[in-house]
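This report concerns only the one structure given below.
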Amino acid sequence: MKMTKMTMSGALLALLATCTLTGCNKTSEAVTLTFLNGKSEVVDWIDTEIAAFETANPTIKVNQVFETDASSALKVDINAGDIPDITSVYETSLVNSGYYYDMSGLDAWSRVSGSIKELCTDPLTSKQYRLATNRATAGLFYNKDIFTACGITSEPTVWADFVSDLQKAVAKGYSGLYMGGSATWMLGHLMEFWGHGIIKESLGNVAANLAFINNDQTKLKFTGTNSPIKTFATKFLELKTDGVLNSDFLTASYDDQLENFATGKAAVISQGMWALSSIEKDNPSMHSKIGFMPYPSMDATLAPNPVILSDVDSGYSIMKASAHKDEAIKFLNFLWSSANQAEYCKLVSSPSAFTDVDDSDWSDISTVVDAALTKGTNIGYSSTPSGFGGGECGTLIQGLYIGDYTPDTFTTTYASDWNTAYTAANA
Amino acid sequence: MKLAKVRKSFSRAVGDNLHKWMILPAFLLFLTFVLIPLAFSFGLSFTSWNGIGKADFVGLANFATFFSDERAGNAVKNSVVFAACSVPLLNVLGLGYALLLDHKNSFNKVVKAIVYVPAVISPLIMGYIWLLVLKDNYGVIFTIFGLFGASGSYANLLGDKDLALVVIILINAFQYVGLTMTIYSAGLQSIPVDLYESASVDGASWWQKFLHITLPMLGPSILINIITNIIGSLGIFDLVVSLTSGGPGYHTETLSLYIYRLAYGARSGYASAIAVMMFFIILIPVLIAYFIMKKSNLYLNEDEG
Numbered sequence: 001m002k003m004t005k006m007t008m009s010g011a012l013l014a015l016l017a018t019c020t021l022t023g024c025n026k027t028s029e030a031v032t033l034t035f036l037n038g039k040s041e042v043v044d045w046i047d048t049e050i051a052a053f054e055t056a057n058p059t060i061k062v063n064q065v066f067e068t069d070a071s072s073a074l075k076v077d078i079n080a081g082d083i084p085d086i087t088s089v090y091e092t093s094l095v096n097s098g099y100y101y102d103m104s105g106l107d108a109w110s111r112v113s114g115s116i117k118e119l120c121t122d123p124l125t126s127k128q129y130r131l132a133t134n135r136a137t138a139g140l141f142y143n144k145d146i147f148t149a150c151g152i153t154s155e156p157t158v159w160a161d162f163v164s165d166l167q168k169a170v171a172k173g174y175s176g177l178y179m180g181g182s183a184t185w186m187l188g189h190l191m192e193f194w195g196h197g198i199i200k201e202s203l204g205n206v207a208a209n210l211a212f213i214n215n216d217q218t219k220l221k222f223t224g225t226n227s228p229i230k231t232f233a234t235k236f237l238e239l240k241t242d243g244v245l246n247s248d249f250l251t252a253s254y255d256d257q258l259e260n261f262a263t264g265k266a267a268v269i270s271q272g273m274w275a276l277s278s279i280e281k282d283n284p285s286m287h288s289k290i291g292f293m294p295y296p297s298m299d300a301t302l303a304p305n306p307v308i309l310s311d312v313d314s315g316y317s318i319m320k321a322s323a324h325k326d327e328a329i330k331f332l333n334f335l336w337s338s339a340n341q342a343e344y345c346k347l348v349s350s351p352s353a354f355t356d357v358d359d360s361d362w363s364d365i366s367t368v369v370d371a372a373l374t375k376g377t378n379i380g381y382s383s384t385p386s387g388f389g390g391g392e393c394g395t396l397i398q399g400l401y402i403g404d405y406t407p408d409t410f411t412t413t414y415a416s417d418w419n420t421a422y423t424a425a426n427a
Numbered sequence: 428m429k430l431a432k433v434r435k436s437f438s439r440a441v442g443d444n445l446h447k448w449m450i451l452p453a454f455l456l457f458l459t460f461v462l463i464p465l466a467f468s469f470g471l472s473f474t475s476w477n478g479i480g481k482a483d484f485v486g487l488a489n490f491a492t493f494f495s496d497e498r499a500g501n502a503v504k505n506s507v508v509f510a511a512c513s514v515p516l517l518n519v520l521g522l523g524y525a526l527l528l529d530h531k532n533s534f535n536k537v538v539k540a541i542v543y544v545p546a547v548i549s550p551l552i553m554g555y556i557w558l559l560v561l562k563d564n565y566g567v568i569f570t571i572f573g574l575f576g577a578s579g580s581y582a583n584l585l586g587d588k589d590l591a592l593v594v595i596i597l598i599n600a601f602q603y604v605g606l607t608m609t610i611y612s613a614g615l616q617s618i619p620v621d622l623y624e625s626a627s628v629d630g631a632s633w634w635q636k637f638l639h640i641t642l643p644m645l646g647p648s649i650l651i652n653i654i655t656n657i658i659g660s661l662g663i664f665d666l667v668v669s670l671t672s673g674g675p676g677y678h679t680e681t682l683s684l685y686i687y688r689l690a691y692g693a694r695s696g697y698a699s700a701i702a703v704m705m706f707f708i709i710l711i712p713v714l715i716a717y718f719i720m721k722k723s724n725l726y727l728n729e730d731e732g
């Protein structure tokens with residue numbers, strides 16, 4: 001009996017040891033990648049792709065972590081020493097601090113259009129620390145039926161015509177320019193496309209981008225004569241005094257804005273293509289009524305042409321600290337396959353950055369958007385200092401709206417807050 | 428045999444001091460989530476840390492910046508106004524409810540439960556609920572105004588720079604009045620009935636009994652309510668975030684919200700310095716309130732000792 005017990009114990013011990021060793025062996029082969037994602041609209045799609053990737057690559061697991069404020073989450077991860085392998089977050093301050101892996105050597109670049117590659121290139125090092133799969137476009141959506149009803153026959157290209165058209169819409173009982181002002185990032189876009197738009201158009205995209213990155217005030221000229229910030233503040237207040245902004249400007253949300261546009265109550269909204277699916281969800285027949293145009297020129301001297309945002313969207317970066325870069329590249333190449341990207345373009349209503357992806361039906365209004373891109377100067381996003389992004393700028397615009405600032409004090413406050421944030425971020 | 432001996436000595440060692448060991452989990456939690464972050468934050472307040480990378484020592488520079496920072500001054504003002512209005516409001520309403528509902532009957536129990544319910548709801552959720560009620564063009568009240576053809580006279584309270592903070596103060600009072608009421612109710616229950624009986628025999632009026640018996644005997648309840656309300660009010664965050672996000676402009680931005688924005692805006696060192704200042708901004712009124720109450724004729728239990 002005693003012998004049997006000993007034999008059984010020995011056998012169990014051997015079995016346990018074998019299992020443990022086998023497990024150890026498997027653990028050493030299996031790799032788990034962490035992907036920190038900040039784009040809520042693509043979480044489910046990426047999960048589906050991860051499942052397909054893991055089936056094809058059983059030794060690589062991918063753990064998608066979605067964070068609404070992914071930028072802050074990444075900084076917390078960096079401080080905790082728990083850096084993800086891949087992220088959708090791209091910040092100049094992190095590029096300058098050397099946290100991203102140099103992706104310049106990836107084979108995938110041969111499939112990416114030249115203009116997108118240029119936008120993905122860090123102007124200071126001429127290297128690519130992210131690869132963007134799509135092109136983002138933002139401008140002014142307008143309701144063609146409302147324009148027709150108001151007798152507006154052509155899209156306004158200069159400020160005076162724009163305000164005049166909005167007044168016609170208001171006179172007919174519509175909201176002129178409807179803004180969801182409680183979402184301060186949306187107000188920040190007004191500065192981004194109109195105020196900074198003057199700088200980008202007058203300097204050119206590349207020079208402007210460098211000036212923003214280096215906070216070169218000799219070129220940006222936030223204050224002083226012909227300040228683009230003061231021009232913006234002055235013109236913005238005209239919208240208020242002329243009564244062409246929605247009455248609930250300060251408390252309306254992003255959803256309110258889209259709903260008002262989709263239900264035919266708002267004549268014009270400032271948005272990006274990312275909003276299109278929500279608009280069409282609110283009103284499936286809306287696409288035939290949607291017009292899309294660049295932001296009319298605010299400053300006839302410095303930047304006489306209208307501007308439209310044409311920048312990168314859906315960027316992916318590999319972190320320098322990742323111990324599994326090869327596996328990360330393998331996963332990204334899977335995600336970037338032509339078939340997957342064709343599907344993705346429709347999902348995000350955005351044309352592809354890849355030349356071999358069939359994105360012909362990326363949106364119901366793709367021809368309208370393509371036409372709008374030819375009507376204005378194409379500008380990219382500004383490189384804003386961490387701590388003074390669209391949200392912070394939008395809060396200042398709220399203050400301008402309620403009378404806390406005059407165009408002059410708004411300009412000095414904007415410049416001062418920008419400089420403080422820039423100094424802190426680059427300390 | 429040996430095992431039994433070990434087990435016995437272990438159980439003796441642990442058993443006699445079990446009550447002390449029971450503190451350990453709570454102490455570890457306190458150490459991990461309060462003391463260490465507190466010490467870390469204090470250390471960071473002397474640096475210019477931007478949230479990533481190296482933290483450079485800057486001495487007292489962050490504290491000097493605090494005193495010249497207009498936005499910080501505005502946040503202090505908003506927090507102090509909020510607390511200065513909320514603390515009396517919560518206590519007057521809480522005490523009022525407690526006195527009104529002091530008699531034990533089913534109706535009072537139901538009313539007490541109804542008044543208390545908002546306190547168990549997350550302040551964030553509470554904020555979003557009120558947002559749906561108050562919102563211009565879409566809110567419940569706006570819709571009701573519309574039913575009477577008066578939607579044009581509805582004021583956008585949360586978008587009004589002078590009224591937004593008032594609205595937050597009232598919603599905060601609505602949420603937490605149940606909590607102060609409960610503490611006052613418990614205090615009222617502990618006042619010996621014979622004190623009131625003696626006073627009645629001496630011909631004291633309701634007001635005299637309230638002033639000379641109820642109020643002094645509620646000393647411990649007043650103390651706990653005032654101090655917790657000061658701490659909670661000066662640290663208000665969730666309600667502000669959900670209702671106005673500090674807006675319009677910076678008109679409802681409180682210290683906590685400003686610290687949060689700075690911490691995630693590449694100014695973590697300065698944010699820590701403001702957090703240290705906030706500690707004193709809260710500590711000072713708490714100490715003042717405590718000493719005023721100690722000097723008053725309130726009956727505080729600790730005086731017995």
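Chains A and B are the protein sequences, given in the same order. Everything in the first sequence is counted per my numbering, starting at 1 for the first residue and increasing by one. Everything in the second sequence is counted per my numbering, starting at 428 for the first residue and increasing by one. Note that CB positions come from ideal geometry on N, CA and C, so glycine has one too.
Problem - Contact list for S72 of chain A against chain B, beta-carbon separation under 7 Å - result: Y691
Practice task
Within 10 angstroms of the Cβ of M449 of chain B, are there 16 or more other Cβ atoms? Answer buried if so, exposed if not.
Solution key: exposed
Handout entry: According to DSSP, residues forming a beta bridge with Q128 of chain A
Key = A:T121
Exercise for the section: Taking C-beta pairs closer than 9 Å, name the residues in chain B that D404 of chain A reaches, listed in chain order. Expected result: K588, P675, G676, Y677, H678
Handout entry: Opposing strand residues paired with R135 of chain A [DSSP bridges]
Key = A:V312
Problem - Environment of N724 of chain B [buried if 16+ CB atoms lie within 10 Å] - result: exposed
Handout entry: Three-state secondary structure (DSSP) of K26 of chain A
Key = With a pLDDT of 45 at K26 of chain A, under the threshold of 50, the modelled position of this residue cannot be trusted, and the question is left open.
Handout entry: Minimum C-alpha distance to D370 of chain A - residue among A:I308, A:P407, A:V65, A:A160
Key = A:I308
Exercise for the section: Taking Y555 of chain B as the query, report the chain A residues whose CB atoms sit under 8 Å from its CB, ordered along the chain. Expected result: Residues of chain A passing the Cβ test: none, with the nearest at roughly 11 Å.
Problem - Candidates B:E680, B:F460, B:V560, B:I556: closest to D589 of chain B by CA position - result: B:E680
Problem - 8 Å CB neighbourhood of S626 of chain B in its chain, flanking five on each side removed - result: One detail in the question is off: residue 626 of chain B reads as Ala in this sequence, not Ser. Excluding positions up to five away in sequence, the list reads Q635, K636, H639, I640.
Handout entry: Residue from A:A132, A:N79, A:T218 with nearest C-alpha to W476 of chain B
Key = A:N79
Handout entry: Reduced DSSP secondary structure (H/G/I, E/B, other) of N796 of chain B
Key = Residue numbering for chain B in the displayed model covers 428 to 732; residue 796 of chain B lies beyond these limits and cannot be assessed.
Handout entry: Cβ pair A266 of chain A, S182 of chain A closer than 8 Å
Key = no
Handout entry: Neighbourhood of I229 of chain A by C-beta, 6 Å cutoff - its chain only, sequence neighbours within 5 removed
Key = G195, F222, T411, Y414
Practice task
Name, please, each residue of chain A whose Cβ falls closer than 7 Å to the Cβ of I598 of chain B.
Solution key: The premise fails here: I598 of chain B is roughly 15 Å from chain A at the closest Cβ pair, so nothing lies under 7 Å.
Exercise for the section: Quick one: residues in its chain with C-beta nearer than 7 Å to the C-beta of V604 of chain B, no 5 flanking neighbours on either side, listed in chain order? Expected result: L517, L520, G521, Y524, V542
Handout entry: Neighbour flag for I479 of chain B against chain A, beta carbons, 8 Å
Key = yes
Exercise for the section: Please list the residues of the region 382–395 of chain A that have a C-beta atom closer than 8 Å to any C-beta atom in chain B, keeping them in chain order. Expected result: P385, S386, G387, F388, E392, T395
Practice task
Step through the CB atoms of chain B and report whether any lies within less than 8 Å of the CB of C346 of chain A.
Solution key: Here residue 346 of chain A turns out to be Lys, not Cys, going by the sequence shown. No - not a single Cβ of chain B is within 8 Å of the one on K346 of chain A.
Problem - Distance, D563 of chain B Cα to S578 of chain B Cα - result: 9 Å
Handout entry: Burial state of L574 of chain B (16 or more Cβ within 10 Å)
Key = exposed
Exercise for the section: Note down, in chain order, each residue of its chain lying with its Cβ closer than 7 Å to the Cβ of A368 of chain B, except the 5 sequence neighbours on either side. Expected result: Beyond the ends of chain B as shown, which are 428 and 732, falls residue 368 of chain B; an answer cannot be given.
Handout entry: Simplified DSSP assignment, three categories, for I60 of chain A
Key = strand
Practice task
Whole angstroms is fine: what's the gap from S71 of chain A's alpha carbon to T92 of chain A's?
Solution key: 12 Å
Exercise for the section: Taking the CB atoms as reference points, tell me whether Y677 of chain B and T395 of chain A lie closer together than 8 Å. Expected result: yes
Practice task
List the residues of chain A that Y565 of chain B touches, going by C-beta distances under 7 Å, in chain order.
Solution key: D256
Handout entry: Beta-carbon contacts of N444 of chain B that lie in its chain and below 6 Å, excluding the five residues immediately before and after
Key = none
Handout entry: Neighbouring residues, chain A, relative to S475 of chain B (Cβ below 7 Å)
Key = A427
Practice task
Quickly, what does DSSP pair Y142 of chain A with across the bridge? List them, please.
Solution key: A:V268, A:G291
Problem - Cβ of T153 of chain A within 8 Å of any chain B Cβ - result: no
Practice task
Check the Cβ of D483 of chain B against every Cβ in chain E and list those closer than 9 Å, keeping chain order.
Solution key: Absent from the structure: chain E. Protein chains present are A and B.
Practice task
Give every residue of the same chain whose Cβ lies closer than 6 Å to the Cβ of V433 of chain B, excluding the five residues on either side of it in the sequence, and list them in chain order.
Solution key: none
Problem - Cutoff 8 Å: G204 of chain A Cβ touching any chain B Cβ - result: no
Handout entry: Sheet register partners of N378 of chain A (DSSP bridge)
Key = A:I308
Practice task
Please work out which residues of its chain come closer than 8 Å, Cβ to Cβ, to S468 of chain B, disregarding the five sequence neighbours upstream and downstream, and give them in chain order.
Solution key: S699, A702, V703
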